[in-house]
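S.K.:
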Amino acid sequence: MAVGGALTYLTQRTTQRAADRADGQRRAAARVEERRAEQIRTVLEFIRCALEAEGVAHARPPRWEVGDDWYVTARPAMDGLRIAEKSIELLCAPGLHTPTTAYARALNQAVWQERDEGNLAERLEPVKAEFLALARRSLT
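Quick note: the sequence shown uses my numbering, first residue 529, plus one each step.
Rendered as structure tokens:
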């Protein structure tokens, strides 16, 4: 009787340990998937803000003043871009930080600085392409 009880105890204990390990692995996999989904949302939000900032840059009048209609649109767009940039730094792979900052700075310059000769899209495309390539790589 004692041997049977001991075998039952060992079987139950082994089964419980295996179930606990499997549950721990499921929870770890769920955390990894949640983290990945959060990173995807963060990258998508940065892309949305970057496209909004690009639109503001294209709409930039030759002369503007604080408080005019263009500025009232530009300021929140650029604030959103800055917040999205910092979110990437907090939540995404370190290799994505530098291209994100470079793209955000290029957009910031395009919005607030005097326009140089040349096409705005041509100036933004290299940093945008680098960001998108590294974002894609970091999420796979």
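Cβ atoms here follow ideal geometry from the backbone N, Cα and C, with glycine treated the same way.
#1: Taking buried to mean at least 16 other C-beta atoms within 10 Å of its own C-beta, is VAL748 buried or exposed?
#2: Along the chain, where does the alpha helix (DSSP H) that runs through THR543 open and close?
#3: If you draw a straight line from the alpha carbon of PRO622 to that of VAL655, how long is it in whole angstroms?
#4: Taking C-alpha atoms, which residue in ALA557, PHE574, LEU660 lies nearest to LYS614?
#5: Given 8 angstroms as the limit, is there contact between the stretch 602–621 and the stretch 552–572, that is, 3 or more CB pairs closer than that?
#6: Sorted by chain position, which residues of the same chain lie with C-beta nearer than 6 angstroms to CYS577's C-beta, five sequence neighbours on each side aside?
#7: Out of ARG643, TRP640, THR628, LEU635, which has the shortest C-alpha to C-alpha gap to SER666?
#8: Terminal residues of the continuous alpha helix (DSSP H) containing GLY608?
#9: For the alpha helix (DSSP H) that contains TRP640, what are its first and last residues?
#10: Rank ALA530, ARG559, ALA547, PRO604 by C-alpha distance to the C-alpha of GLY583 and give the top, closest one.
#11: Going by DSSP, what residue range makes up the alpha helix (DSSP H) through VAL594?
#12: For THR542 and ALA556, what's the separation of their Cα atoms in angstroms?
#13: Can you tell me where the alpha helix (DSSP H) with ARG665 in it begins and where it stops?
M.R.: So, from the data block:
#1: Outside the shown range of the chain (529 to 668) lies residue 748, about which nothing can therefore be said.
#2: Against the sequence shown, residue 543 aligns to sequence position 15. Element bounds for THR543: 530–586.
#3: If you number the sequence shown from 1, residue 622 lands on position 94. If you number the sequence shown from 1, residue 655 lands on position 127. So the two alpha carbons sit approximately 17 angstroms from each other.
#4: In the sequence shown, residue 614 corresponds to position 86, counting from 1. Comparing Cα-Cα distances from LYS614 to each of ALA557, PHE574, LEU660, the minimum goes to PHE574.
#5: yes
#6: Here residue 577 refers to the residue found at position 49 of the sequence shown. Only GLY608, LEU609, ALA612 meet the Cβ criterion.
#7: For the purposes of this step, residue 666 is identified with residue 138 of the sequence shown, where counting begins at 1. Measuring from the Cα of SER666, the nearest candidate turns out to be THR628.
#8: In the sequence shown, the residue the question calls residue 608 occupies position 80. Here the alpha helix (DSSP H) through GLY608 covers 597–619.
#9: For this step, residue 640 is matched to residue 112 along the sequence shown. From DSSP, the alpha helix (DSSP H) with TRP640 extends over 625–640.
#10: Taking the sequence shown and counting its residues from 1, the one referred to as residue 583 is at position 55. Nearest option by C-alpha distance: PRO604.
#11: Taking the sequence shown and counting its residues from 1, the one referred to as residue 594 is at position 66. From DSSP, VAL594 is part of no alpha helix (DSSP H); its letter is neither H nor E.
#12: Position 14 of the sequence shown, counted from the first residue, corresponds to residue 542. Position 28 of the sequence shown, counted from the first residue, corresponds to residue 556. Roughly 21 angstroms separates the two Cα atoms.
#13: For the purposes of this step, residue 665 is taken as residue 137 along the sequence shown, with counting starting at 1. Note, ARG665: alpha helix (DSSP H), 648–666.
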